[in-house]
Every structure is written in C-alpha cells, then in structure tokens.
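For reference, the structure is listed below as structure tokens.
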RNA sequence: GCCCGGGUGGCGAAAUCGGCAGACGCAAAGGACUUAAAAUCCUUUUCCCGGAAACGGGAGUGCGGGUUCAAGUCCCGCCCCGGGCACCA
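Residue numbers (the numbering used here): 3 to 857.
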C-alpha cells in the first residue's frame, strides 16, 4: 500500500489508514448508500425524500484540489444526517466531461479525448471514494457517455420543435404552428432553437466562437485569448423568450439574495418606450428605445450603432468618407478596445437629420460605438442633459445640451454633469410640470395615440449562442439539405461524433467535424458540423441522476415526480451546493431548459433547484488564491495520506462558515486530527467506560450536543457543530466514569462528519455492549434530544451598574423580577457601587441580567 | 464609477431577539511524564494600569458620530480589503 509513515514523521493518532479503507469496502460491499427508486423492491414510499446535489466537476487532468471536497463534504454531511433522520436521500455524483482541455490535449498528443477523459474520470472517482462520500455510485453519469448525450440531443430536439407562445408565456410544440398553416420561414423564425446570422465572439486561438458569457474583457474566459467580432451563421437558443419568467420566478427560490440579484441584473429588464423619429428628406423612420421618454424634449441629437442598417441610407455625400472610415475603424476593434476602461467617446456625424416627433425639431444623426447594435433597436435619442453618456459625448463634440427635468426638491441642477435622477418636467409642453413617473406615462400614451411609439420592455439578456467549433462536444442531431435544416429522427439518437485522427481546428470557423467527410454525408444531406457548448450537458444532469438507467426516456416519470416532488415549492432539488462562478451561466441555462421541459409536460416543477448554497473559495496558506505558479496548492491526496479522510473532511468544515472565503492551514488540519485522536482514545484507551446511567451534568451536555449538532447541520453551520463535539469530548475525557450510553449517542453526531471513525468506534462499542443496536452507525436513526435534560435549575445572573458588569450571582431559574432585584441590590459589590447614589432605574432581564442605573 | 461580500486577540473564528465580547481550534509560554525528544496530559494567554498573589480598575469588535439602561449586533457619515459588473440608452 501507499506510504505507511506520515510524511511529517509524527506519531499516528489512530489507525485511520486501516479504518478508512475497511469501511469504504464495507459500504461498497453492503451497498449501504444504494438509493432505491419508486418501484424498486426495497423502496419505502412512506419515507419523505431529500435530493441533495453537488455541482458535478469537470474531471481535469490535475485531479481533485482541496476546493472540491469543501462543498462535497458539506452535502455529504447533510445527506448522511438526513438519512439518519429517516429521509430517502438522493445524493449522486457524475462528470461534466466534455470540454476544451481534453480536446487541446488531443491536439497536442493525438490521443483521443475520450481516452484522457476516461483516465481523468477514473482518477477523480478514486479520489472521491477515498473521502468516504455516501454517493450512490450506481447512478454515476458522464456527459460524454453516448447513453447520456443521446438525451442531451433529444432535449435539444424538443427545444428545436418548440416555439414560445407569448399569450400563455409557455413553450408549445411547433406542430401547432404547422397546423395553423404557417410557412416554413415563419415557423423557423419562431423556433426556440434557430439559426441566425449574428455577430459572434470568434476566438482564433481557440478556433471557436464563444458565448457572451464566456468572454471577459474582450478575451476568452478560458485561456485569455483575444476575441474578435464577426458575423456568422449560428445556432441560437431563444432564452430571451423566457426573460420575464427567468427573472420573476426567482422569487420562490431559497437562493442567496446576491445570486438572485445577479441573475436579475444579467437578465436586465428595463421598461421604457420605443419612439419613431422621421428621417428628414426620406420616408424612413428611425426606431429608438428609451427608458426616459419624459426627456423627449431634451433630445438634441440621435446616435445609431455603427452597424445600424440605415446608416448607409442616411449618410450624406459630404459625410460619407468620414462615416465609412469610422465604421471600418470600429469593425476592426476588438471588444476590449471598444468597451475598454475610461476611454473617450468617439463618433461621427452622418449628415442626416431626424425630426423630433414632439416638437418637429430637426436634430443631427450621428453614429458612435457607445451605442450597441445588439441592444434595443441599435439607435438612441441622445439627451445630454439627463444621461451621462450622452452628456460626455455632447461635451466632446460640442453638441447642444437642453435641460428638461429639474430636481423635485427645487435645488439647482448640477452645473457640469448630467442630471439623471427623476424630477419635474420643464420646457416640455405636453407634460409640463409633471413628475418623471407621470410624465413618462403621459408621453407614452400620447405617442401611442399618435402612432409614434409604444410602451416597450427590453432585456440585456441576449439569445444563447449555442454552437461551438469543437470536436469534443455533443454533435447536433440536425442535417442540412438545400439550405434548410431538419432534425434527424429520434430513432437515430445518439448522433455519435466521427472518429478523427486530427482534432486541430481548421483555422476558419469551419468546425473540425467537417473533416470527417464520410460522417458528414447523410442521404444526400449534410450533417451539422458544429457541436454544442459545454453548458449543454450540465443543463439537465440533475434529472438524469434520478433515473440514469432509463433507456426509453430521459428520466422516468414516476421517479421524476418522486425525487423532484417539491411540496408546493417551485424547485425540485432540495439542496444544491457549488461555487459562485456559476451564478449566472450554468444556473440560468439550466433553469431555461428546465422551464421548456416543464412547459412541454416532461417535468413536474417549474424550477430545478429550490435551495442553493455557494461554498466560499479556499485560499492557500499565504492567503492568496491557490495556483501552481504561486506554489501554494494543497494536494488532498497528501492530506489523506498524512491525516486520513476524516481529518480532511473535518477540517474543511471546521475552517469557518461554508460560504466564506478562507485560507488553508496545515496546523488546523493537525488540530482536528488531534481531536479525532482524542475521540479514539476516549473510546479505545479508556478503562473508565462503564454501563451506568450518566450523571445529570453528563446528560445535559450530551443532549445539548445532540441538539446543537442537529440544528447546526440543518443550518449548515458545520464549524460550530464541530466545536460542540469538541466540548463534549473534552468534558468526557476528564470524567471519572464514562457511561457507554452517552458515548454511543455521541457517535450519531460524529458519524456524518467523520463516518469512518464513527463506524469503527461504534462497531467496537457494540461488540462489547451487545445491548446497543447493531450498526453500521451511519444507518441508525439520529437520536432526538430530550429537552427535559436541558432545563437548568440555577442560572448565573449578571449584575450591572450603569451597564458595567460588577458582580454575578447564581439564582433559581424561576426567580421573580422582585427577587432578582433584591438579590442584586443585596450583594456587597453592588452595594459598594450603589451606596450614596440615587437609583434611577432597575432593568431586569429574566435569566440573564439585572442592570441598576444610578445617577 | 456602480453592485455585492467582509473588517472581532498573534492566527482561523464564536456570540438566537440589542443583554457576560473572544466559545472551539491554532500558535506561544510554563509545568507533568521521559535519560532525552516526539506524542500525551495540566495551566496561562485581548490590551493597559495596580498587586507577590487572590484580585481590582480602565480600555476594547476598522474610524467618527447617534439611538438605548445596555450596541460586535440598530441608524448616519467615512476608511480599508476581497469579489463581481462595467457605455444595455
């Protein structure tokens, strides 16, 4: 076996190196954590269910780091505790295994990504098993398994075969539109999965396009390579159709407020109006979006995005050269340059003029890259007096600034800045003197009556660019014929990727799959050669865990109803734990897919995850982020070899609150390791254990520990649960007589945290005291505490004078306020303080304190 | 710039509703055991002042104000650290 002597050369506190493999073998052989589904012979329908899920990992070549076991230990403790509380617990694990690193490794070495992926999964699985997690490993899935991605492709087809019905705000089958006799074009224009020519984020270094979410500061999130904008025909998912629901339906979820806010911001709902401006000297109209229609009288110019389709037509001949020049400049800019920090506004006049619909005034039309083609209508009315960006631009180019809103409190508007708050409309005849909210309403109604505009809601959220030019991803179940796409029959799923020798990108947006010429040919049609993004597989894995063996359905109906059953709440998974890095992308995408499946009647809840908890990052011992280059990475394998898995688990939980960022400490690991050693000695090297009644003081501590550990697990305050167990052990270690019953009860507390040691100690105890129920202890019910043992007969009361503690007394719990008062005033120390002064007031908090106010 | 999260001993932290600040652990110091060390066990440890000691007094939860009999906790104004967003009209 591996290294027998701890590398620190220290005395081994207890034989964890024997205990841990022993119990891991036991659990495996006895299938202790096998979770039956409805219909299985050992399924107990009377038990309530609890679905506790980890965000499954990408099995990287690096193996596990100490960040992984943080969340996994937390969920494992909850899972083990809930099992002991009589729940049927679903606690699965799998692999988000498609992804770029395996593909890049394949490009470098020629080794097929499937091989490296397999190897990495093996390693991860082995590492996780050594931590003693109570996963039902029979349910293990990998997104790269054809049995799995068959259903990823199938779900894609459901999305493809659906449209969003605005009236009911629900996805409906495309067949309904066909029945209404809509044309192919009309139908394709409404599909939830559609093909469009869009400006994409093309990353030459990665040889793929990226989603907006995968581009950070104009660079790829993965690798930090430059990203260019270029137009490309791409598969898109119409997530924007769900914008409203994705925002609103967050309300019923038990998620951290910050994450909900983040998602709402990402969706970016804003209410306003669309307004038509006539272009002077042409029949054309420019449509703009504004959230401040009440500032319409303050519009002194307009700005179009440089890519706006009407720029060509509007530009006058004198301005054409400058406009062309500017458009080219903008096109060649990367997103980083275009949105870069603190840069000056740029833009040029097109020479075109627009007519302000409220006052018939002529205003110039400019183009500038601070207006984005992808938001709203790609055109704005500029109101420099009341918008910071317009103000800056107007200053830069000497454009007029006209105030049409003044502060409601009568104060003077700022001299050298835009006034962007709400206020009172001025110089605005149609709604003169109205406060902003009413002015907005009035002008919008007016515009609607005149046919010049309407109320409009816009979202920052864009449709989801769903195609990647990669090899190692799910192929689309789509073929092309005569420029039209169609689904392959469901019977042909899964569509397997072709075997390739050469995984290199083509250097063009033509995906690597196009190199597989035989594969591409499909009965006179051509297969789609793009693949799905890595997010696809993680959009629904929590559903497959429920019924991973099902060959007929992505998840069996009965099993889905049972495990996702939400008791009136929207979300099905009872507890979902993972890092904040998935605050928007994964969680938004998964919610979107789930809602489509819900609308189509395939799943029973509108939301996937009811309660979400984010674990905090673990830093290196130096307080810096762990990284190879800093050399501060902690290897969990080494920690397990030196101190055992139970110590690793315990320390991960003892470090501090789960959600908090916190630094690693090897000394801290030793601390909890010593604690486990003390536990071992309390049970094993102790001749004071007797089969006797516990003393009242012992009973009180025992039941307080049962109470606190249970409550702390339920509130996920694992660090304080561990403190309480330490207090218990310290106390019982110094006891003259240690009652067996108390020790046995204690092991129920320890078992979720340090399951191996708890099993071993319980087994030993039970064999000596056969009266104890046979184990394993992890399968025995968690004892309820008895409040009778917690009642105190006496409490210590703090005596304060003017808020300062001057004395303390022990009194009976039921002492009346009058008694407390006279006791307090009777003690010597208080008399010294109070003598000769006037008592103004006496505050009495029963069971806590008496505060005497003198003056 | 905006939005979050955080600031408590030498360190990680704890402290239901405003009611004994520092539980528990680490580190450090002293002691017991040992030929010695490791391990273990016991004791001390927020700071300042007085005291041989028991103990007593004062200050103290980033800073400055406020509310209150009482503030780590509530309110107002700042400072610092970490993270996220960043022309979305």
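Idealized CB from N, CA, C, for every residue including glycine.
Per the coordinates, the alpha-carbon of residue 287 lies some 45 Å from the alpha-carbon of residue 473. Contact between the stretch 402-411 and the stretch 426-438 is present, with at least three C-beta pairs closer than 8 Å. Looking only at 392, 359, 138, the smallest Cα-Cα distance to residue 349 is reached by 392. Classified as exposed, residue 510 has fewer than 16 neighbouring CB atoms from the shown chains inside 10 Å of its CB. Rounded to whole angstroms, the separation of the alpha carbons of residue 327 and residue 315 is 16 Å. Fewer than three pairs of CB atoms, one per stretch, sit closer than 8 Å, so the stretch 763-772 makes no contact with the stretch 820-839. The beta carbon of residue 584 is closer than 6 Å to none in its chain, skipping five residues each way along the sequence.
Boundaries of the alpha helix (DSSP H) harbouring residue 157: 148-162, taken from the DSSP string.
For the alpha helix (DSSP H) assignment, the uninterrupted runs of no fewer than 4 residues enclosed by the stretch 81-161 are, from N- to C-terminal side, 102-111, 115-131. Excluding its 5 nearest sequence neighbours in each direction, residue 378 has C-beta neighbours in its own chain below 7 Å: 291, 460, listed in chain order.
In this structure, residue 678 sits away from residue 755, with a CB-CB distance that is not shorter than 7 Å. Relative to the Cα of residue 546, the nearest Cα in the group 65, 97, 766, 41 belongs to 97.
When rounded, the separation of the alpha-carbon atoms in residue 66 and residue 624 is 20 Å. In the structure shown, the three-state DSSP call for residue 636 is coil. Between residue 165 and residue 186, the C-beta spacing is not below 7 Å. Listed as beta-bridge partners of residue 627 by DSSP are 621. Annotation: the continuous beta strand (DSSP E) that includes residue 461 extends over 455-461. Nearest Cα to residue 263 within the set 753, 248, 698, 788: 248. Each of 477, 376, 499 was checked against the Cα of residue 489, and the nearest Cα belongs to 477.
Segment contact: the stretch 554-573 against the stretch 523-541, fewer than three CB-CB distances shorter than 8 Å; contact not assigned. The beta strand (DSSP E) runs of length 3 or more contained entirely in the stretch 675-716 do not exist; there are none. Taking a contact as a CB-CB distance under 8 Å, the pair residue 681 and residue 731 counts as one, their CB atoms being some 6 Å apart. CA-CA distance, residue 794 to residue 603, rounds to 56 Å. About 7 Å separates the beta carbon of residue 240 from that of residue 196, a gap short enough to meet the 8 Å contact definition.
Per DSSP, residue 202 lies in no alpha helix (DSSP H) segment; the continuous beta strand (DSSP E) that holds it begins and ends at 195-205.
Ranked by Cα distance from residue 659, the first of 450, 761, 72 is 72. Excluding the 5 residues flanking it on each side, residue 325 has same chain C-beta neighbours closer than 6 Å at 317, 350, 352, in chain order. Residue 388 sits close to residue 297, with the two beta carbons spaced by under 7 Å. DSSP places residue 347 outside any beta strand (DSSP E), giving it a letter other than H or E. Fully enclosed alpha helix (DSSP H) runs of no fewer than 4 residues occupy 519-522, 537-540 of the stretch 472-541, in order along the chain. Setting aside the 5 residues that flank it on each side, residue 87 is surrounded in the same chain by 784, each with a C-beta closer than 7 Å to its C-beta; the list follows chain order. From the listed residues 52, 23, 112, 84, the smallest Cα separation to residue 503 is found for 112. The stretch 593-609 makes no contact with the stretch 639-653; the number of CB pairs closer than 8 Å stays below 3. Beta bridge pairing from DSSP links residue 845 with 853. Where residue 598 is concerned, the enclosing alpha helix (DSSP H) starts and stops at 587-601. Under a 10 Å Cβ-count criterion, residue 222 is classified as buried, with 16 or more other Cβ atoms of the shown protein chains found around its own Cβ.
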